[in-house]
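A.B. asks: Shown below is the structure under consideration.
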Amino acid sequence: MSERLNFDFKVKTLLDAVIVNGNSAVQVEFFERRTFQAIGHTSAGAGTAKVEVQASLDPNEDANTWITIGTMDLVLGTTKVTDGFASDAPWRKIRGKLTNLTGTNATVTLL
Numbered sequence: 025m026s027e028r029l030n031f032d033f034k035v036k037t038l039l040d041a042v043i044v045n046g047n048s049a050v051q052v053e054f055f056e057r058r059t060f061q062a063i064g065h066t067s068a069g070a071g072t073a074k075v076e077v078q079a080s081l082d083p084n085e086d087a088n089t090w091i092t093i094g095t096m097d098l099v100l101g102t103t104k105v106t107d108g109f110a111s112d113a114p115w116r117k118i119r120g121k122l123t124n125l126t127g128t129n130a131t132v133t134l135l
C-alpha cells in the first residue's frame, strides 16, 4: 500500500523566459528547504547559459551582500534542457542571475 504525502507546494519563478543576461527581482519570502530548477533552450543550434541562485541575509538592498548558493551550467539546444539543486539553508532574500547566455533566440527560466 502506498502512502501519498501532502505538501503545500508553491512554485515561484525567479527568471521567466529571459533572453538577456542580468539579475531577477528580489524574492523576500524565502525560507529553508527550497529547490531550484533552471530550464533553457534555443530556436536553432547550440548555446550556453550560466544560472546562479544568489542569497543574502542583509535586510537592506545593498548590492554588495549577495552570495551565490548554487550554479547551474546549461548546454542549450532546440530541445529543453534542465538542471537543479536543493538548499536547506534559511535566507532572508534570494534572486536569480543569468550570465553567459548564448545561442539563437536562447531563453532561460529559473523556478
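Just so we're aligned: the sequence shown equals residues 25 to 135 in this note's numbering.
Quick reminder that beta carbons are idealized off the backbone N, C-alpha and C, glycines included.
Which stretch, first to last residue, makes up the beta strand (DSSP E) that contains T92?
C.D. replies: T92 -> beta strand (DSSP E) spans I91 to L100.
A.B. asks: Rounded to the nearest angstrom, how far is the Cβ of A62 from that of L98, given a contact under 8 Å?
C.D. replies: A62 to L98, Cβ: 6 Å. Contact.
A.B. asks: Does the count of Cβ pairs from the region 127-134 and the region 40-49 closer than 8 Å reach three?
C.D. replies: Contact holds: three or more Cβ-Cβ distances are below 8 Å.
A.B. asks: Would the beta-carbon of G71 fall within 8 Å of that of T126?
C.D. replies: Taking 8 Å as the Cβ cut-off, G71 and T126 qualify as a contacting pair.
A.B. asks: Counting only the same chain and skipping the five closest in sequence on each side, list residues whose C-beta sits under 8 Å from that of H65.
C.D. replies: Taken in chain order, the residues that qualify are L100, G101, T102, T103, K104, V105, A130 and T131.
A.B. asks: When DSSP builds the beta bridges, which residues end up paired with G64?
C.D. replies: The partner list for G64 (beta bridge, DSSP) reads V105 and V132.
A.B. asks: Take L122 and list the residues in its own chain whose beta-carbon comes closer than 7 Å to its own, dropping the five residues that flank it on each side.
C.D. replies: Counting only Cβ-Cβ distances below 7 Å, and skipping sequence neighbours, we find L39, V42, N45, G46, A73, V75 and V132.
A.B. asks: Which residues bound the beta strand (DSSP E) around V5?
C.D. replies: Residue 5 lies beyond the range of the chain shown here (25 to 135); nothing can be said about it.
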